[in-house]
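In this text, residue positions in the sequence shown follow our numbering: the first is 996, and each later residue adds one.
To start, the structure under review is shown below, and the notes come after it.
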Amino acid sequence: MNVEKFIAERTPVWQRLEKLLAEAEIKDPASARLHEIVELYRRTASDLNRARSHTANPELLGYLNQLTGRAYRLIYGAGHQAPVGRSLLRLIVREIPAAFRRERLAVAAAAAAFLLGALFGSAAVLIDPANGPRLVPAQFFTERPRERVQHIEENRERIDSVEKAALFGASLYVHNIKVACLTFSVGALTIIGGLWLLFYNGTILGAIATMYILDGVPVFFFAWVGPHGALELPAIVFGGAAGLLTGRAVLLPGNLTRQASVRRVLPSVWRMMTAAAMTLVLAGIIEGSFSQFSAKALPYALKIAVASLLFMGLLAWLFFRRVDEG
């Protein structure tokens, strides 16, 4: 490593961190730009490790030691001083959306795999409707779509009490969180496996949707799946995206050590998985109650409108920058 070139390239990062630390030490640390400080701290700590490996320059090592020490004290001191409620609010309002915007390429890759699967499943059923039962697992295909719609519309509501809704919803979001964690784990270990799971889940969705459309009951499908699917399906994609991000850090660390590569993405990964889990809990509650109501209780147009609002709200939360964030 050319030490002089290294110093020239990395000095702007160190100077920016030093400036932010100086500002934070004067003001309330909780109101400082902690997210940027944390990111610069990690980069500077990585630089310190590289410098230790390639030079014994006491001035450089001393400066980086002192800088990372200041950043460490501020970050973890501020974290202990901040009230739990304020920290949780900051996590939800700022840190989680910032992580998704920062890792939008991983989210886009996961979404693309899922959508390609949906297109494949839909095309397969359009080419030959007999492909529907072949692609869709037996537990999801117990009767023809039109027969299922008729059965639901002519019988009593499946969920007729708060207790039933709570129990059903709990079983759903626990199951969905397991699916998201599986997608994350396979993606983290293999990358390709995570993409395949996303593609496979998309294939099932595309095949089922097309079966309902061909059987003449598309409105029922979108009204039945839409309210919870608007949250559940993106959340599974988010789990897959976090897995791809981790897999890339582990399997393709680039110029960094594997440990440094994982450490770099870990803050984004745990925030993305937290968002996925929170979203899946809400989706499970909706699926266990609101989604189960037939047209006798709720017009399907209303359910589809709610689904659209939930999906747009989720995207706005995660990907639209707040005005006060600059």
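Just so it is clear, CB atoms sit at the ideal spot from N, CA and C, and this is done for glycine as well.
query	result
Looking at the structure shown, is Leu-1012 part of a helix, part of a strand, or coil, going by DSSP?	helix
Around the C-beta of Pro-1294, are 16 or more other C-beta atoms found within 10 angstroms, so that it is buried, or is it exposed?	exposed
Exposed or buried, what is Trp-1009 when buried is set at 16 or more other beta-carbons lying within 10 Å of its beta-carbon?	buried
In whole angstroms, give me the CA-to-CA distance for Ala-1119 and Asn-1126.	6 Å
Three Cβ pairs or more, each shorter than 8 Å: is that satisfied between the stretch 1204–1220 and the stretch 1131–1151?	yes
Taking the alpha helix (DSSP H) that Asp-1042 belongs to, which residues open and close that run?	1029–1049
Around the Cβ of Gln-1287, are there at least 16 other Cβ atoms within 10 angstroms (buried) or fewer (exposed)?	buried
Roughly how many angstroms lie between the CA atoms of Leu-1029 and Gly-1221, to the nearest whole one?	38 Å
Three-state secondary structure (DSSP) at Gly-1321?	Note on Gly-1321: pLDDT 49, under 50, position unreliable in the model; the coordinate value appears next. Here Gly-1321 sits in coil by DSSP.
If you drop the 5 nearest sequence neighbours on each side, which residues of the same chain put their C-beta closer than 7 Å to that of Thr-1185?	Gly-1242
How many angstroms separate the CA atom of Leu-1056 from the CA atom of Leu-1069?	20 Å
Report back the beta-carbon spacing between Ala-1183 and Gly-1238 to the nearest angstrom; my notes put them in contact at under 8 Å.	5 Å
Suppose contacts are defined by Cβ-Cβ distances below 8 Å. Is Leu-1200 in contact with Ala-1113 by that definition?	yes
Under a Cβ-count criterion, where at least 16 other Cβ atoms within 10 Å of its own Cβ denotes burial, should Gly-1321 be classed as buried or exposed?	Confidence at Gly-1321 is low in this model, with a pLDDT of 49, below 50, so its placement is unreliable and no value can be given for it.
Determine the direct distance from the alpha carbon of Ala-1244 to that of Ala-1271, and round the result to whole angstroms.	20 Å
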